[in-house]
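Here the structure comes first, spelled out in structure tokens, and everything after it is commentary.
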């Protein structure tokens, strides 16, 4: 099974590298994203993205999974920046900025960069935060990704979450036991439907309800999800808040009652049995989406070039027509000028003929009279 995985992985990597080479110069954004897919495949890392509407308890759930309150949480919408947790021997917090720079900060300073309160509307220009922590849950290459809740008054937080959806390998979709699934949640689920083969549906805040109420809300949400086209094997009821308290206080009974152990077991089985397949399939899906994007962009550029060629041909034809019209105008003008010249010559000839017929005899007569008078004058002397 391992040999088969390595074989498929090597083949996928070769294809991605070839496409990456072809797109590196001309379509840099696609080439960069392909590089990220390749690096993730090489590292065998796996993005489990925590998604849900605001105030569903996503950050508290992550803290309970790793067993320590590392990420800041609040009773108001707080998380504003995508935050990625991965395994590390020592706790470490790196902030990646939108300008490409990176800074290492103390965990106590994290809230100043990833929360709406500390970094309103992301005025600091943070792209994402990476936290390393020595949690057994993260040891197998799992990357836990905390996202801003959708549907709050902070629209930019919703946009941040939607922009990250291309990076998910599997999703943990968190609902709240005290309210039925909402339209905002359904819209988010519709968006991720084709992006991943695995979604864990989790019902949080069960400590607010009694067992019968929990069963009722879970059944209702399951029905809605199935109507949307999701194959829902199970909805995992938990109390992330109680689980975090239990782990902090080493209270095994409270931890068992929180329901988190069942979810952790399901995630563990998934990592052991399905992670390799999902990693390969996700890499293929991401590569296919990027290839489709490349082909679409090439099609647009081809159409633009064809359009430009046609436009150029039209301009050349128009130019030729203008030249032809100009030549015709020149010929017409020459013809008209020749006609006017001929008319003028005829008129001059007519005037000369008239002059010859009328004026020349008169001049001759005058001259004869003049010479006749001259003769008479000479004789008188």
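Residue numbers (our numbering): 727 to 1107. Beta carbons: idealized from backbone N, C-alpha and C, even for Gly. Note that the structure is predicted; figures quoted are calculated from it, not measured.
*Determine, using beta carbons only, whether residue 890 and residue 808 come nearer to each other than 9 Å.*
As a first step, residue 890 is located in the chain shown; it is residue number 164 there, counting from the start. As a first step, residue 808 is located in the chain shown; it is residue number 82 there, counting from the start. For residue 890 and residue 808, yes; Cβs fall inside 9 Å.
*Minimum length 3: unbroken beta strand (DSSP E) runs contained in the stretch 765–797*: 772–778
*Around the C-beta of residue 862, are 16 or more other C-beta atoms found within 10 angstroms, so that it is buried, or is it exposed?*
In the chain shown, counting from the first residue as 1, residue 862 sits at position 136. Exposed is the call here.
*Does the distance from the C-beta atom of residue 810 to that of residue 773 stay below 9 Å?*
Translated into positions along the chain shown, residue 810 becomes position 84. Translated into positions along the chain shown, residue 773 becomes position 47. Yes; because the gap between Cβ atoms is below 9 Å, this pair is in contact.
*Outcome for residue 945 when other beta-carbon atoms lying within 10 angstroms are tallied against a minimum of 16*: Stepping through the chain shown from its first residue, residue 945 is reached at position 219. With fewer than 16 Cβ atoms within 10 Å of its Cβ, residue 945 is classed as exposed.
*Report buried or exposed for residue 934, applying the criterion of at least 16 other Cβ atoms within 10 angstroms of its Cβ.*
Taking the chain shown and counting its residues from 1, one reaches residue 934 at position 208. So residue 934 counts as exposed.
*Got a sec? Which residues, its chain only, sit under 8 Å from residue 860 by beta carbon, not counting five neighbours each side?*
On the chain shown, position 134 is the one that residue 860 refers to. So the qualifying residues of the chain are 813, 814, 815, 816 and 817.
_Which of the three DSSP states is assigned to residue 886 in this structure?_
To locate residue 886, count along the chain shown from 1; it is residue 160. Here residue 886 sits in helix by DSSP.
*Note down the Cα distance separating residue 973 from residue 967, rounded to an integer number of angstroms.*
What you label residue 973 is simply residue 247 of the chain shown in a count that begins at 1. What you label residue 967 is simply residue 241 of the chain shown in a count that begins at 1. Distance between the alpha carbons of residue 973 and residue 967: 10 Å.
*Since residue 922 contacts residue 894 with CB under 8 Å, what's their CB separation in whole angstroms?*
As a first step, residue 922 is located in the chain shown; it is residue number 196 there, counting from the start. As a first step, residue 894 is located in the chain shown; it is residue number 168 there, counting from the start. Rounded, the Cβ-Cβ distance is 5 Å, consistent with contact.
*Under 9 Å, do residue 901 and residue 947 count as touching if we go by C-beta distance?*
Residue mapping note: residue 901 aligns to position 175 of the chain shown, counting from 1. Residue mapping note: residue 947 aligns to position 221 of the chain shown, counting from 1. Yes, they are a contact pair.
*If you count every other CB in all the chains shown that lies within 10 Å of the CB of residue 1090, and 16 or more means buried, which is it?*
Position 364 of the chain shown holds residue 1090. Answer is exposed; the Cβ neighbour count stays below 16.
*asked:* Taking only three categories from DSSP, how would you classify residue 908?
replied: Indexing the chain shown from 1 puts residue 908 at position 182. Three-state result, residue 908: coil.
*Using DSSP bridges, identify the partner residues of residue 856.*
Residue numbering aside, residue 856 sits at position 130 when the chain shown is read from its first letter. Per DSSP, 810 and 820.
*Once you ignore the five residues that flank residue 795 on each side, which residues in its own chain have a CB closer than 8 Å to its CB?*
If you number the chain shown from 1, residue 795 lands on position 69. Counting only Cβ-Cβ distances below 8 Å, and skipping sequence neighbours, we find 789, 970 and 974.
_With H, G and I counted as helix, E and B as strand and the rest as coil, what does DSSP make of residue 1040?_
Along the chain shown, one-based indexing puts residue 1040 at 314. In the structure shown, residue 1040 sits in a helix (DSSP, three-state: H, G or I).
*Where does residue 901 fall in DSSP's three states?*
Position 175 of the chain shown, counted from the first residue, corresponds to residue 901. Residue state, collapsed to three classes: strand.
*Does DSSP put residue 977 in a helix, a strand or coil?*
For the purposes of this step, residue 977 is taken as the residue at position 251 of the chain shown. Residue state, collapsed to three classes: coil.
*Under three-state DSSP, which class holds residue 833?*
As a first step, residue 833 is located in the chain shown; it is residue number 107 there, counting from the start. Correct three-state label for residue 833: helix.
*Give the secondary structure of residue 963 by DSSP, where H, G and I count as helix, E and B as strand, and everything else as coil.*
Locating residue 963 in the chain shown gives position 237, counting from the first residue. It is a strand residue.
*Would you kindly check if the distance between the Cβ of residue 963 and the Cβ of residue 1013 is under 9 Å?*
Within the chain shown, residue 1013 is the residue found at index 287, counting from 1. Within the chain shown, residue 963 is the residue found at index 237, counting from 1. No, these two residues do not count as a Cβ contact at 9 Å.
*Does DSSP put residue 828 in a helix, in a strand, or in coil?*
As a first step, residue 828 is located in the chain shown; it is residue number 102 there, counting from the start. Strand.
_Between the CA atoms of residue 819 and residue 855 - distance to the nearest angstrom_ = Indexing the chain shown from 1 puts residue 855 at position 129. Indexing the chain shown from 1 puts residue 819 at position 93. Looking at the two C-alpha atoms, the distance is approximately 7 Å.
_Excluding the 5 residues flanking residue 886 on each side, which residues of the same chain have their C-beta closer than 6 Å to its C-beta?_
Against the chain shown, residue 886 aligns to sequence position 160. Here the set comprises 874.
*asked:* To the nearest angstrom, how far is the alpha carbon of residue 919 from that of residue 932?
replied: For the purposes of this step, residue 919 is identified with residue 193 of the chain shown, where counting begins at 1. For the purposes of this step, residue 932 is identified with residue 206 of the chain shown, where counting begins at 1. So the alpha carbons of these two residues sit roughly 26 Å apart.
*asked:* Judging by CA-CA distance, which residue of 981, 960, 999 and 915 is the nearest neighbour of residue 954?
replied: Numbered from 1 along the chain shown, position 228 holds the residue referred to as residue 954. The residue with the shortest Cα to Cα distance from residue 954 is 915.
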